[in-house]
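Visitor: Protein chains in written order, with the working numbering: chain U, 3 to 199; chain X, 3 to 199.
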DNA sequence: TGCTATAAGATACTCAAAGTTTCTTATTTA
DNA sequence: TAAATAAGAAACTTTGAGTATCTTATAGCA
């Protein structure tokens with residue numbers, strides 16, 4: 003028992019029905035827009051379909067559910083930070099650059115969406131959900147600082163390497179404090195550098 | 003157009019229909035059990051009503067929605083940590099006690115539920131959602147350590163006071179690492195104490 | 001150029017659960 | 001013992017997830 007069909011035959015010169023990559027890109031953009039406008043808890047597949055001027059089955063043929071669609075849109079739309087690890091010649095400014103990149107990404111996605119994803123995609127740490135190849139950036143920065151003789155390598159433990167990133171994440175996601183330049187400076191100058199210098 | 007009613011008249015000696023505080027307690031327990039068994043994403047009001055052997059309107063008369071019901075159950079059922087702030091006479095062991103209490107609470111509620119609540123109750127920091135009057139415990143501990151002469155008061159900034167609690171929260175909620183005694187010791191001995199001593 | 005495979009799009013399902021309404025009746029209280 | 005209160009039963013509306021079925025536009029190929 004099929005539906006009531008009103009498709010018009012298109013005798014025109016170029017296609018009006020999108021397919022493949024073009025259609026996919028339109029859906030990703032629509033999903034992102036929907037997420038930004040209504041927020042994660044109100045994000046619906048139907049809303050995305052309407053916005054992209056397509057229909058639900060088209061979306062379900064590509065992504066199995068709400069969460070995967072959101073995750074895909076995030077990875078597709080969000081500009082990844084540059085691949086190169088900052089290298090200013092000074093540890094402090096390198097770390098501040100990394101922390102600003104992280105803060106930007108988290109702020110753009112929004113805590114509400116991140117919490118929503120983490121609630122549903124159980125047991126997957128944030129670094130796996132949203133990993134812009136930033137995992138090793140801090141290590142690289144610290145190795146360079148050791149090579150320059152700026153810090154001593156015995157000070158560089160795994161926990162201290164993660165510390166600044168962890169604190170920015172905590173600030174954005176758990177306390178909802180806006181992470182200003184002052185906040186970042188505080189984390190770096192009051193916590194991180196004293197431990198490693 | 004009301005429903006089909008099969009209530010039996012109870013001519014017995016004592017009430018079979020619960021009300022007030024007794025009913026409320028049964029609902030809270032049912033909500034907690036439901037949360038523990040099916041997890042936050044699958045938690046339903048209908049499930050709670052069935053489990054508590056009552057009906058949806060009874061629940062909706064008291065709590066406006068799913069999230070508030072969960073939040074109420076958490077606060078009702080979860081044993082709050084003791085009111086007294088630990089006072090062993092040594093900073094290190096006091097901090098370890100606090101961090102273990104925090105870890106216990108977060109583990110009992112579960113990251114999935116916490117993320118779910120934070121996604122829906124937008125903009126409310128974790129410390130307001132789940133505040134077992136622990137907010138000032140660290141301050142008290144540090145003040146006592148200053149009084150004992152164990153540390154100097156200039157070292158005690160707001161950020162350093164929050165640091166150990168922040169790191170445990172981050173570990174449980176963001177990285178999903180199990181917080182062992184070793185992890186807590188690492189946070190205290192490798193990060194916190196070196197900054198404050 | 002026309003044929004065929006593919007996939008888009010429309011529509012209508014089913015199912016579950018949120019939240020509401022209406023009614024009856026048990027229980028408390030005055 | 002009567003009146004007020006609130007529990008409980010059931011059916012309702014609405015929304016959205018996810019699926020199934022069909023038609024038809026389009027791409028790629030013969």
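Don't be surprised by glycine CBs; every beta carbon is placed ideally from N, CA and C.
Which runs of the alpha helix (DSSP H), 4 residues or longer, sit entirely within the stretch 55–87 of chain U?
Guide: The qualifying runs are 58–62, 68–79.
Visitor: Could you run through the stretch 148–173 of chain U and flag, in chain order, every residue whose CB is less than 9 Å away from some CB of chain X?
Guide: 159, 161, 162, 164, 165, 168, 169, 171, 172, 173
Visitor: As a quick exercise: from U:101, U:45, U:88, pick the residue whose alpha carbon is nearest that of residue 142 (chain U).
Guide: Translated into positions along the first chain, residue 142 (chain U) becomes position 140. Comparing Cα positions, the closest option is U:88.
Visitor: Contact check, residue 153 (chain X) vs residue 99 (chain X) under 8 Å by CB: the rounded distance?
Guide: On the second chain, position 151 is the one that residue 153 (chain X) refers to. On the second chain, position 97 is the one that residue 99 (chain X) refers to. Not confirmed; about 17 Å, so no contact.
Visitor: Starting from residue 40 (chain X) and walking both ways along the alpha helix (DSSP H), at which residues does that stretch end?
Guide: Position 38 of the second chain, counting from 1, holds the residue named residue 40 (chain X). Taken as a continuous stretch (DSSP letters only), the alpha helix (DSSP H) holding residue 40 (chain X) covers 22–40.
Visitor: Can you pull the chain X neighbours of residue 180 (chain U), defined as C-beta to C-beta under 9 Å?
Guide: In the first chain, the residue the question calls residue 180 (chain U) occupies position 178. Going along chain X, no residue has its Cβ under 9 Å from residue 180 (chain U), so there is no contact; the nearest lies around 12 Å.
Visitor: Out of X:138, X:128, X:81, X:193, state which residue places its alpha-carbon closest to the alpha-carbon of residue 174 (chain X).
Guide: Here residue 174 (chain X) corresponds to residue number 172 of the second chain, with the count starting at 1. It is X:128.
Visitor: Measuring only the C-alpha atoms, how far is residue 22 (chain U) from residue 71 (chain X)?
Guide: Counting from 1 along the first chain, the entry for residue 22 (chain U) is found at position 20. Counting from 1 along the second chain, the entry for residue 71 (chain X) is found at position 69. Answer to the nearest angstrom: the Cα atoms are 44 Å apart.
Visitor: Between the stretch 80–87 of chain U and the stretch 49–59 of chain U, can you find at least three pairs of beta-carbon atoms closer than 8 Å?
Guide: no
Visitor: Can you tell which of X:104, X:192, X:168, X:26 has the C-alpha that lies nearest to the C-alpha of residue 63 (chain X)?
Guide: The residue you call residue 63 (chain X) lines up with position 61 of the second chain. For the residues X:104, X:192, X:168, X:26, the minimum Cα distance to residue 63 (chain X) belongs to X:26.
Visitor: Within its chain, find whatever has a CB closer than 6 Å to the CB of residue 155 (chain X); leave out the 5 residues flanking it on each side and keep chain order.
Guide: Indexing the second chain from 1 puts residue 155 (chain X) at position 153. So the qualifying residues of the chain are 148.
Visitor: Tell me which residues share the same chain as residue 9 (chain X) and place their Cβ nearer than 6 Å to its Cβ, disregarding the 5 neighbours each side in the sequence.
Guide: Your numbering for residue 9 (chain X) matches position 7 in the second chain. In this prediction, residue 9 (chain X) has a pLDDT of 44, which is less than 50 and means its spatial position is unreliable; nothing more can be read from the coordinates.
Visitor: Counting only beta-carbon atoms, is residue 21 (chain U) nearer than 8 Å to chain X?
Guide: The residue you call residue 21 (chain U) lines up with position 19 of the first chain. With a threshold of 8 Å between beta carbons, residue 21 (chain U) makes no contact with chain X.
Visitor: Tell me which residues share the same chain as residue 95 (chain U) and place their Cβ nearer than 8 Å to its Cβ, disregarding the 5 neighbours each side in the sequence.
Guide: In the first chain, the residue the question calls residue 95 (chain U) occupies position 93. 88, listed in sequence order.
Visitor: Quick one: is residue 93 (chain X) near chain U, going by C-beta distance under 8 Å?
Guide: Locating residue 93 (chain X) in the second chain gives position 91, where the first residue counts as 1. Cβ-Cβ to chain U under 8 Å: no for residue 93 (chain X).
Visitor: For a test of your reading of the model: does the CB of residue 140 (chain X) fall under 7 Å from any non-hydrogen atom of the ligand GDP? Yes or no.
Guide: This structure lacks the ligand GDP, and indeed carries no ligand of any kind.
Visitor: Going straight from the alpha carbon of residue 4 (chain X) to that of residue 61 (chain X), what length do you get?
Guide: Taking the first residue of the second chain as 1, we reach residue 4 (chain X) at position 2. Taking the first residue of the second chain as 1, we reach residue 61 (chain X) at position 59. For residue 4 (chain X), the pLDDT reaches just 35, beneath the cut-off of 50, and the residue's location in the model is therefore unreliable, although a value from the coordinates is still provided. Spanning the two alpha carbons is a distance of roughly 19 Å.
Visitor: Which residues of chain X have a Cβ atom closer than 9 Å to the Cβ of residue 192 (chain U), listed in chain order?
Guide: As a working note, residue 192 (chain U) is residue 190 in the first chain. Neighbours of residue 192 (chain U) on chain X, chain order: 159, 161, 162, 197.
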